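J.: The structure that follows is given in the form of structure tokens.
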Amino acid sequence: MNFRLVFVVTVLTYGQCSNGEQWDRDLQKALFKDYVASTRPHLNTTTNLTMGMTVRNLLHVHERSRAIKLKVWFRFFWNDERLRWDPKDYGNISILHFPTADLWTPDIVLYNNVNEDYTSLQDYSREVPVIVYNNGDIRWYFPGVIETNCPIDITMFPFDTQHCIVYFGSWTHTGKEIDTYPQDPKQDGENFAEPSGEWIFENYEAKRNAVKYVCCHELYVDVEYTLTLRRKPLFYITTLILPCLFLHILSTLGFLMPIESGSRAPLAIMVLLSMTVLQITVSSTISIQSDNVPLITQFIGFILLMMTLNVMLTIFSLNVHFNNHPRKTGPESKRFKVLKNIGRALGVSFEDNVSSARSVCNSETRPSANGFDQLHIESFDSDNACNVSKLTKLELRAFRPSADCVKKFWMKVAMVTDRIFALIFFVSSIVAFSLIFSQLLR
Numbered sequence: 000m001n002f003r004l005v006f007v008v009t010v011l012t013y014g015q016c017s018n019g020e021q022w023d024r025d026l027q028k029a030l031f032k033d034y035v036a037s038t039r040p041h042l043n044t045t046t047n048l049t050m051g052m053t054v055r056n057l058l059h060v061h062e063r064s065r066a067i068k069l070k071v072w073f074r075f076f077w078n079d080e081r082l083r084w085d086p087k088d089y090g091n092i093s094i095l096h097f098p099t100a101d102l103w104t105p106d107i108v109l110y111n112n113v114n115e116d117y118t119s120l121q122d123y124s125r126e127v128p129v130i131v132y133n134n135g136d137i138r139w140y141f142p143g144v145i146e147t148n149c150p151i152d153i154t155m156f157p158f159d160t161q162h163c164i165v166y167f168g169s170w171t172h173t174g175k176e177i178d179t180y181p182q183d184p185k186q187d188g189e190n191f192a193e194p195s196g197e198w199i200f201e202n203y204e205a206k207r208n209a210v211k212y213v214c215c216h217e218l219y220v221d222v223e224y225t226l227t228l229r230r231k232p233l234f235y236i237t238t239l240i241l242p243c244l245f246l247h248i249l250s251t252l253g254f255l256m257p258i259e260s261g262s263r264a265p266l267a268i269m270v271l272l273s274m275t276v277l278q279i280t281v282s283s284t285i286s287i288q289s290d291n292v293p294l295i296t297q298f299i300g301f302i303l304l305m306m307t308l309n310v311m312l313t314i315f316s317l318n319v320h321f322n323n324h325p326r327k328t329g330p331e332s333k334r335f336k337v338l339k340n341i342g343r344a345l346g347v348s349f350e351d352n353v354s355s356a357r358s359v360c361n362s363e364t365r366p367s368a369n370g371f372d373q374l375h376i377e378s379f380d381s382d383n384a385c386n387v388s389k390l391t392k393l394e395l396r397a398f399r400p401s402a403d404c405v406k407k408f409w410m411k412v413a414m415v416t417d418r419i420f421a422l423i424f425f426v427s428s429i430v431a432f433s434l435i436f437s438q439l440l441r
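In numbering that gives the first Met the number 0, the protein residues as written are 0 to 441.
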């Protein structure tokens, strides 16, 4: 009994499968009896085409070549009156799947394509079947990876926002033959599934354009997608901006290093070379642009300028520090009061050193009165009325501070100038960085 039941169910199922396959063959035979795949639907009127594109992932942004690579899902909708049938006549079949080569598909191409392998979207859908409904509606879904040019603007790099535009349209059909409309872009923008590590997908817009080109008199319709991408600056802040800032601080603090250590000039040169290496790294990363000066270039250029001045001023400080020639101006100079006031404001005192230097210098270098008189009395005439005044001038010229006294004085002068330079660098850096980064607020 059980064997007979199983046999009956098997026969009925096989009969239904056979009938289903037969209905499918009959339906396809009826549909393609007079069907020509190269002929456009609604040949005497306009074929209305609706296009949708969902960006699934931003694969790469080629900044130097000004191009972006996207992983997208395409959707096309149109109606073909030649592919209509009554499901009741064919075993309630309401949906069919056909290879792309068997049906007419629109010749939509990516206008601003930079991929040498694929230009037409038909190249992406060769292995993906087309869905046909009994009322003639056709759904054409397929994925793809497109690469298109994008005018990268690096003026505010690495705090920049890019607007990349992608154009799709028919290459041979005019707007009277195929009229393309974009699907709701909000729905496509919400399906941005895979986030990028460097970019934030901020906005997604689509609009229809009707353009008349120089070559032709008819209007050609295209769909324009605008992708707004904002860069995440954290990586560049931690690996570029902060290291440059630390090197600049280190270079400025070098003015406070004692010159006697002998490491002042090597430090300034080493920091300058390190900054040059970072500049080369940035130049190889960002795209070439001569329209304006990028923000990061202003930032690094200012630091390089200050470091170059640091090396030059270090050479100046070294010359001041070792300015110990006994004929050079010393503590008795008229400029001493100005240096003393500036030094007091910067924490450098001249009082003890100068008073001790005077006493030491006077005791060590002034000749005795008897020796001086004996030296010069023999050389002047007793009848000359100006002998006394000449003697006073010669005595004043005879006083010369020792080399140690002059050296101590110029060491203090070099210390004052170094602190002045450090203060100037600190104030100018704050002002310059404020002006540079204030551009982000515009």
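We treat Cβ as the ideally placed atom computed from N, Cα and C, and that holds for glycine.
Fair warning: this is a prediction, and the values are worked out from it, not measured in the lab.
Hey, which unbroken runs of the beta strand (DSSP E) at 3 residues or more fall wholly within the region 39 to 78?
T.: The region 39 to 78 contains these whole beta strand (DSSP E) runs: 46 to 61.
J.: Quick check on the DSSP output: the alpha helix (DSSP H) that includes N309 runs from which residue to which?
T.: In the sequence shown, the residue the question calls residue 309 occupies position 310. L294 to H320 is the span of the alpha helix (DSSP H), which, as asked, contains N309.
J.: Given a cut-off of 7 Å, decide if F97 and S124 are closer than it, judged by their beta-carbon atoms.
T.: For the purposes of this step, residue 124 is taken as the residue at position 125 of the sequence shown. For the purposes of this step, residue 97 is taken as the residue at position 98 of the sequence shown. Not in contact: S124 and F97 (Cβ atoms no closer than 7 Å).
J.: For the region 107 to 175, list the beta strand (DSSP E) runs that are entirely contained and at least 3 residues long, ordered along the chain.
T.: Listed in chain order, the complete beta strand (DSSP E) runs (minimum 3 residues) inside the region 107 to 175 are 107 to 109, 129 to 132, 134 to 148 and 160 to 169.
J.: Could you tell me the distance, in whole angstroms, from the CA atom of C243 to the CA atom of C163?
T.: Position 244 of the sequence shown, counted from the start, is the residue given in the question as residue 243. Position 164 of the sequence shown, counted from the start, is the residue given in the question as residue 163. Cα-Cα distance, rounded: 31 Å.
J.: Among residues of its own chain, excluding the 5 on either side of A421, which ones have a beta-carbon nearer than 7 Å to its beta-carbon?
T.: Here the question's residue 421 lines up with position 422 in the sequence shown. Closer than 7 Å at Cβ, skipping near neighbours: T251, F254 and L255.
J.: Quick one, which of I240, Y180 and Y110 has its alpha-carbon nearest G300's?
T.: Taking the sequence shown and counting its residues from 1, one reaches residue 300 at position 301. Per the Cα distances, I240.
J.: Which residues in the same chain have their Cβ closer than 7 Å to the Cβ of S93, if we skip the five residues on either side of it in sequence?
T.: On the sequence shown, residue 93 is found 94 positions in, with the first residue counted as 1. Hits under 7 Å: P86, Y132 and N133.
J.: From which residue to which residue does the beta strand (DSSP E) around F97 run?
T.: One-based indexing of the sequence shown puts residue 97 at position 98. F97 -> beta strand (DSSP E) spans I94 to F97.
J.: With a floor of 4 residues, list each alpha helix (DSSP H) that falls wholly inside the region 223 to 252, ordered by position along the chain.
T.: Listed in chain order, the complete alpha helix (DSSP H) runs (minimum 4 residues) inside the region 223 to 252 are 241 to 252.
J.: Assuming W77 contacts P128 (C-beta within less than 8 Å), just tell me the rounded distance between them.
T.: Here residue 77 corresponds to residue number 78 of the sequence shown, with the count starting at 1. Here residue 128 corresponds to residue number 129 of the sequence shown, with the count starting at 1. Not really, about 16 Å apart at Cβ, beyond 8 Å.
J.: Taking the alpha-carbon of R263 as reference, which of I248, T313 and M306 has the nearest alpha-carbon?
T.: Residue mapping note: residue 263 aligns to position 264 of the sequence shown, counting from 1. Per the Cα distances, T313.
J.: Would you mind stating whether E217 and T173 have Cβ atoms separated by less than 7 Å?
T.: The residue labelled residue 217 in the question sits at position 218 within the sequence shown. The residue labelled residue 173 in the question sits at position 174 within the sequence shown. In contact: E217 and T173 (Cβ atoms closer than 7 Å).
J.: Have a look at V430 and C214 and give me their C-alpha separation to the nearest angstrom.
T.: The residue given as residue 430 occupies position 431 in the sequence shown. The residue given as residue 214 occupies position 215 in the sequence shown. If I take the Cα positions, the gap works out to 55 Å.
J.: Drop a sphere of 10 angstroms on the beta-carbon of D372, count the other beta-carbons inside from all chains shown, and report buried for 16 or more, exposed for fewer.
T.: Locating residue 372 in the sequence shown gives position 373, counting from the first residue. At D372 the pLDDT is 42, less than 50, meaning the model places this residue with poor confidence and gives no usable figure here.
J.: Determine the burial state of R230: buried for a count of at least 16 other Cβ atoms within 10 Å of its Cβ, exposed for fewer.
T.: The residue you call residue 230 lines up with position 231 of the sequence shown. Label assigned to R230: buried.
J.: For G143 and L266, what's the separation of their Cα atoms in angstroms?
T.: As a position in the sequence shown, residue 143 is number 144, starting the count at 1. As a position in the sequence shown, residue 266 is number 267, starting the count at 1. So the two alpha carbons sit approximately 54 Å from each other.
J.: By DSSP, does P257 sit in helix, in strand, or in coil?
T.: Here residue 257 refers to the residue found at position 258 when the sequence shown is read from its first residue. Here P257 sits in coil by DSSP.
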